[in-house]
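Visitor: I have a structure here, written as structure tokens, and I will follow up with some questions on it.
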Amino acid sequence: MDFKRLFTPREAQSALPLVRQIVADILETARRIREAGEDDDERARLQSDLEEHMQELESMGCFFKDWNFSVGLVDFPAEIDGETVFLCWRSDESELSWYHPIDEGYQGRRPLPRASLVE
61 MDFKRLFTPR EAQSALPLVR QIVADILETA RRIREAGEDD DERARLQSDL
111 EEHMQELESM GCFFKDWNFS VGLVDFPAEI DGETVFLCWR SDESELSWYH
161 PIDEGYQGRR PLPRASLVE
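Read left to right, the sequence shown gives residues 61 to 179 (my numbering).
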């Protein structure tokens, strides 16, 4: 897979304040879409807002992966021990502490190696 960029764990951690705000906007907009009912104009406007928030994350080089819009899961492409992986962060976590191989997804989450946190 080709990615816009590969993050170091430190770079991803530094991006978390902005990512945290964008994810909060995504989750709030998704909640409002669910509550919009039959108002097609409102739903269309909110859907457009949601797509803008998602694009903002993607322009940073990371990806929103919580398609239920319940907790806010973001993957940051990275390299650990010579393997391209996703650094994995959930909006209810205070810091970036996990990663998973690209083909394993969230279920394959592993703690970040301590050495990668100081690079």
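Even for Gly, the Cβ is constructed at its ideal location relative to N, Cα and C.
1) Would you kindly report the start and end of the unbroken alpha helix (DSSP H) that includes Arg150?
2) Grab me the residues of Ile162's own chain with a C-beta within less than 7 Å of its C-beta, minus the 5 sequence neighbours each way, in chain order.
3) Which one of Leu66, Leu87, Arg70 and Phe63 has the shortest CA to CA distance from Ser157?
4) Just to confirm before moving on: does the CB-CB distance between Gly121 and Val83 stay below 8 Å?
5) What's the call for Ala75, buried or exposed, on a 16-neighbour Cβ count within 10 Å?
6) Between the Cα of Trp149 and those of Asp126, Asp85 and Leu106, spot the shortest distance and give me the residue it belongs to.
7) Starting from the C-beta of Met114, find all residues in its chain whose C-beta is less than 6 Å away, skip the five residues before and the five after it, and write them out in chain order.
8) By the three-class DSSP mapping on this structure, what secondary structure does Leu133 have?
Guide: On the basis of the supplied data:
1) Element bounds for Arg150: not the alpha helix (DSSP H) but the beta strand (DSSP E), Glu143 to Arg150.
2) Taking Ile162 as the centre and dropping the five residues before and after it, the same chain places the C-beta of Met61, Thr144, Val145 and Phe146 closer than 7 Å to its C-beta, in chain order.
3) Residue Arg70 is the option with its Cα nearest to Ser157.
4) Not closer than 8 Å, so no.
5) The residue is buried, with at least 16 neighbouring Cβ atoms inside 10 Å.
6) Of the listed residues, the one whose Cα sits closest to Trp149 is Asp126.
7) Same-chain partners within the cutoff: Phe124.
8) Leu133: strand per DSSP, three-state reduction.
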